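Novice: Sharing a structure here in structure tokens format.
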Ligand code: SAH
């Protein structure tokens, strides 16, 4: 899978996506992340990419021209399944959307800044808009890093234990059960006996019940037939 990220702050990604699982995915050739500095596509003096909003008001707006230039260039090189604008008012990211994106071959993530992007970008260039939550970040970079991480770890071969993504929270609309590691008794704080029993069937049953209980308490909406992550229409 190839992810092209358009940003005025490419430096943000080097830390976030160059470590651990993300690093390994790229080294194994399972994921490619290409960063594009939007300023390289400016035709203005000082590589300017933003300007005042028509009609007045505080805050600068990312202009359409450099965004158009970079997206047209990318589209002339390959086909994209989706050109995604990171936006606080987009579809709320969930595991279902991450699963869906992990099946794509090429996607673009456009990071806004300041007041956002000229609306004509959203109307004419963007095929999808994704939000990572109902709060406002100062730029789309952290959101794009979140989407990239959530998607790349789902690609076959990225996680060393291939089944481990499947047992994560949300994959089956359940929260993951609690996990423990050695020592089994730490200053009197003990690991549940059953996990030490070696009875796989009982352990699986215990884990399932824990998942169900946790989901009821923490995310009851996941158990509803039309929960956001349960809804096939969100695919
Ligand atoms: N004025 C806009 C917010 C702009 S924030 C509004 O009120 O909707 C600047 C940029 O940060 C946005 O263009 C977007 O790319 C990114 N951003 C902010 N919050 C985000 C979120 N919750 N999810 C995804 N991207 C976000």
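In our numbering, the protein residues as written are 1189 to 1423. Backbone N, C-alpha and C define an ideal beta-carbon position, used for all residues, glycine too. From a predicted model like this one, the values you see are computed outputs, not experimental measurements.
Quick check on the burial criterion: 16 or more other C-beta atoms within 10 angstroms. Buried or exposed for residue 1324?
Specialist: It is exposed - the Cβ of residue 1324 has fewer than 16 other Cβ atoms within 10 Å.
Novice: Cα separation between residue 1275 and residue 1189?
Specialist: Cα-Cα distance, rounded: 22 Å.
Novice: Identify the continuous alpha helix (DSSP H) that holds residue 1210 and give its terminal residues.
Specialist: Where residue 1210 is concerned, the enclosing alpha helix (DSSP H) stretches over 1208 to 1215.
Novice: Taking a contact to mean a Cβ-Cβ separation below 8 Å, would you say residue 1343 touches residue 1213 in this structure?
Specialist: A contact, by the Cβ cut-off of 8 Å.
Novice: Tell me the rounded alpha-carbon separation between residue 1302 and residue 1249.
Specialist: Going by the C-alpha atoms only, they are around 6 Å apart.
Novice: Pairing CB atoms from the region 1304 to 1312 with CB atoms from the region 1358 to 1372, are three or more of them under 8 Å?
Specialist: Cβ pair count under 8 Å is below three, so no.
Novice: Note the first and the last residue of the continuous beta strand (DSSP E) segment covering residue 1288.
Specialist: Per DSSP, residue 1288 belongs to no beta strand (DSSP E); it is in the alpha helix (DSSP H), 1283 to 1290.
Novice: Answer yes or no: the CB of residue 1248 versus the heavy atoms of ligand 1, is any distance below 7 Å?
Specialist: Every heavy atom of ligand 1 is 7 Å or more from the Cβ of residue 1248, so no.
Novice: Would the beta-carbon of residue 1336 be found less than 7 Å away from any heavy atom of ligand 1?
Specialist: Because no heavy atom of ligand 1 lies under 7 Å away, the Cβ of residue 1336 does not count as near it: no.
Novice: Once the 5 residues before and after residue 1423 are set aside, which same chain residues still bring their CB inside 6 Å of it?
Specialist: Confidence at residue 1423 is low in this model, with a pLDDT of 43, below 50, so the placement of that residue should be treated as unreliable; the coordinate-derived value is given next. These residues qualify, in order along the chain: 1288.
Novice: If you draw a straight line from the alpha carbon of residue 1346 to that of residue 1218, how long is it in whole angstroms?
Specialist: Computed Cα separation, rounded: 7 Å.
Novice: Which one of 1316, 1239, 1391 and 1305 has the shortest CA to CA distance from residue 1285?
Specialist: It is 1316.
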